[in-house]
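Report on the following structure.
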Amino acid sequence: MNNPAVLFGTATLIWGSTWIAITFQLGVVAPEVSVVYRFALASAIVFVWCGLQRHTLRFPLRVHAWLAAQGATLYGLNYVGVYLAERYVASGLVAVAFSTMVFMVPIGSRLVFGTALQPRVVLGALLGVAGIASLFLPELSTVTARGATAIGVAFALGSTVIASIGNLIAVRVQRERIPVMSAIAWGMGYGAATAAICAWLSGSAWSFDTRLPYVASLAYLAVLGSVVAFGAYLHLIAKVGAERASFTAVLIPVVAMLLSTLFEDYHWTASGAIGAALAFVGNYIALTARRPRPVMPARDPQVQSYAPNR
Numbered sequence: 011m012n013n014p015a016v017l018f019g020t021a022t023l024i025w026g027s028t029w030i031a032i033t034f035q036l037g038v039v040a041p042e043v044s045v046v047y048r049f050a051l052a053s054a055i056v057f058v059w060c061g062l063q064r065h066t067l068r069f070p071l072r073v074h075a076w077l078a079a080q081g082a083t084l085y086g087l088n089y090v091g092v093y094l095a096e097r098y099v100a101s102g103l104v105a106v107a108f109s110t111m112v113f114m115v116p117i118g119s120r121l122v123f124g125t126a127l128q129p130r131v132v133l134g135a136l137l138g139v140a141g142i143a144s145l146f147l148p149e150l151s152t153v154t155a156r157g158a159t160a161i162g163v164a165f166a167l168g169s170t171v172i173a174s175i176g177n178l179i180a181v182r183v184q185r186e187r188i189p190v191m192s193a194i195a196w197g198m199g200y201g202a203a204t205a206a207i208c209a210w211l212s213g214s215a216w217s218f219d220t221r222l223p224y225v226a227s228l229a230y231l232a233v234l235g236s237v238v239a240f241g242a243y244l245h246l247i248a249k250v251g252a253e254r255a256s257f258t259a260v261l262i263p264v265v266a267m268l269l270s271t272l273f274e275d276y277h278w279t280a281s282g283a284i285g286a287a288l289a290f291v292g293n294y295i296a297l298t299a300r301r302p303r304p305v306m307p308a309r310d311p312q313v314q315s316y317a318p319n320r
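Note that my numbering has the sequence shown beginning at 11, numbered continuously upward.
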């Protein structure tokens with residue numbers, strides 16, 4: 011699975027469907043605790059897979075520091091923040107906030123790695139965010155200026171900033187030439203540990219829902235929503251760069267609304283249709299831009315190779 015279009019489509023389609031599974035996670039178990047279960051299970055699965063594939067899993071402490079940073083941002087604090095945001099504001103507002111990652115990642119990449127800001131990517135980002143705002147316009151029109159709304163927006167934007175930082179850290183980890191799945195195994199473990207600390211600090215009760223909807227949705231989120239989707243996404247970053255890979259954040263809400271049409275009888279409005287069209291056009295413009303430089307630099311003899319042991 012090395013084709014960027016396949017990788018992009020895999021991550022987008024799966025994450026666009028996870029909202030259905032997440033609805034079965036809310037209620038009995040605290041959100042932070044559900045995040046722990048999700049990524050702890052996903053980490054265990056990837057560790058077993060890496061062992062069977064004989065991928066290297068032993069790294070020096072310096073590398074573990076980067077893996078822990080990737081885990082804390084991309085899998086831990088990011089997801090806890092999203093769950094907390096949706097306690098205060100509608101999911102549409104969270105989706106609009108999260109779509110701004112298409113600005114944050116290129117700007118961060120420019121500051122950290124010196125990657126050029128391409129006009130086509132900026133234009134695509136503008137169209138994409140405008141499209142998501144239009145898609146959720148009916149939902150956004152009901153937002154009122156209340157304290158709870160401000161808290162929810164703060165959590166949503168905060169988690170977006172954290173996810174953007176996680177994308178940049180993922181690029182840095184890849185420059186250590188660590189196999190993607192090995193990085194995921196450790197990163198998700200560190201992410202689960204980060205979520206566990208958040209649960210402990212917030213005083214969340216540790217419980218488990220043994221009913222089939224919770225268990226089945228947890229399995230779906232761990233296997234497809236975490237192992238497969240993040241595997242595709244991080245391979246995508248290696249192929250096209252974090253700047254363009256971040257555009258999944260624009261199409262994911264569109265996929266979610268398309269699935270809602272099938273399963274929840276969602277009725278499209280004119281603003282929704284225009285928003286979806288803008289999101290697709292923005293993605294096309296950005297993703298067809300010429301990549302300015304590869305994510306992986308030329309081989310440095312001082313950097314150890316962690317290729318699978320065959």
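Yeah, the Cβ is synthetic: ideal placement off N, Cα and C, and Gly gets one too.
message = Contact defined as beta carbons within less than 8 angstroms: I believe W29 pairs with A266. What is the distance between those atoms, to the nearest angstrom?
response = 5 angstroms
request  = List the whole-angstrom C-beta distance separating G285 from L145, where the pair is believed to meet the contact cut-off of C-beta under 8 angstroms.
outcome  = 3 angstroms
key: Residue burial classification, Q184 (beta-carbon count within 10 angstroms, cutoff 16)   = buried
query = In whole angstroms, what is the alpha-carbon distance linking L269 and L261?
reply = 12 angstroms
request  = Output the distance between the C-alpha atoms of P392 and L147, rounded to the nearest integer angstrom.
outcome  = Since the first residue of the chain shown is 11 and the last is 320, residue 392 is not available in this structure.
request  = Spell out a yes or no on whether the region 125-140 and the region 288-297 are touching, meaning 3 or more CB-CB pairs, one atom from each, closer than 8 angstroms.
outcome  = yes
query = Are A52 and M198 close, meaning C-beta to C-beta below 8 angstroms?
reply = yes
query = Anyone know if the C-beta pair for Y93 and P41 falls short of 8 angstroms?
reply = yes
inquiry  = Just to confirm before moving on: does the CB-CB distance between V56 and M191 stay below 8 angstroms?
reply    = In contact: V56 and M191 (Cβ atoms closer than 8 angstroms).
query = From N13 to H65, what distance separates their C-alpha atoms?
reply = 22 angstroms
message = Taking the alpha helix (DSSP H) that T28 belongs to, which residues open and close that run?
response = 14-33
query = Within this structure, are the beta carbons of G235 and A31 separated by less than 8 angstroms?
reply = yes
request  = Measure the alpha-carbon distance for M306 versus A180 and round it to whole angstroms.
outcome  = The pLDDT assigned to M306 is 45, lower than 50, so where the model puts this residue is not dependable; a value taken from the coordinates is nonetheless given after this. So the alpha carbons of these two residues sit roughly 11 angstroms apart.
request  = Enumerate in chain order the residues of its own chain whose CB-to-CB distance from G201 is below 6 angstroms, with the five nearest sequence positions on each side excluded.
outcome  = F49, G81, Y85, G86
inquiry  = Quick check: what's the CA-CA separation for A143 versus L67?
reply    = Answer to the nearest angstrom: the Cα atoms are 42 angstroms apart.
ask   = Considering only residues of the same chain and omitting the five flanking positions on each side of I194, which have a CB-CB separation below 7 angstroms?
value = The beta carbon of I194 sits closer than 7 angstroms to the beta carbons of V56, F240, G241, L244 from its chain, once the five residues preceding and following it are set aside; these are given in chain order.
inquiry  = Using 8 angstroms as the threshold, is the C-beta distance between S119 and A252 below it?
reply    = yes
query = Out of L222, W196, A203, A255, which has the shortest C-alpha to C-alpha gap to M114?
reply = A255
ask   = Starting from P263 and walking both ways along the alpha helix (DSSP H), at which residues does that stretch end?
value = 258-273
query = Three-state secondary structure (DSSP) at S217?
reply = coil
query = Apart from the five residues on each side of it in sequence, which residues of its chain come closer than 7 angstroms, Cβ to Cβ, to A206?
reply = Once the five neighbours on either side are set aside, the close Cβ partners of A206 are V46.
query = In angstroms, rounded to a whole number, what distance separates the CA positions of Y98 and I247?
reply = 32 angstroms
query = Unbroken alpha helix (DSSP H) runs of length 4 or more, entirely within the region 125-188: which are they?
reply = 129-145, 147-150, 157-184
task = To the nearest angstrom, report how far apart L23 and V264 are at their CA atoms.
result = Cα to Cα, L23 sits roughly 10 angstroms from V264.
Assigned secondary structure, T298 (DSSP; H/G/I helix, E/B strand, else coil) = coil
message = Which of the three DSSP states is assigned to V190 in this structure?
response = helix
request  = Please report how far the alpha carbon of A95 lies from the alpha carbon of A173, in whole angstroms.
outcome  = Per the coordinates, the alpha-carbon of A95 lies some 14 angstroms from the alpha-carbon of A173.
ask   = Which two residues bound the contiguous alpha helix (DSSP H) that contains V73?
value = Per DSSP, V73 belongs to the alpha helix (DSSP H) from 71-80.
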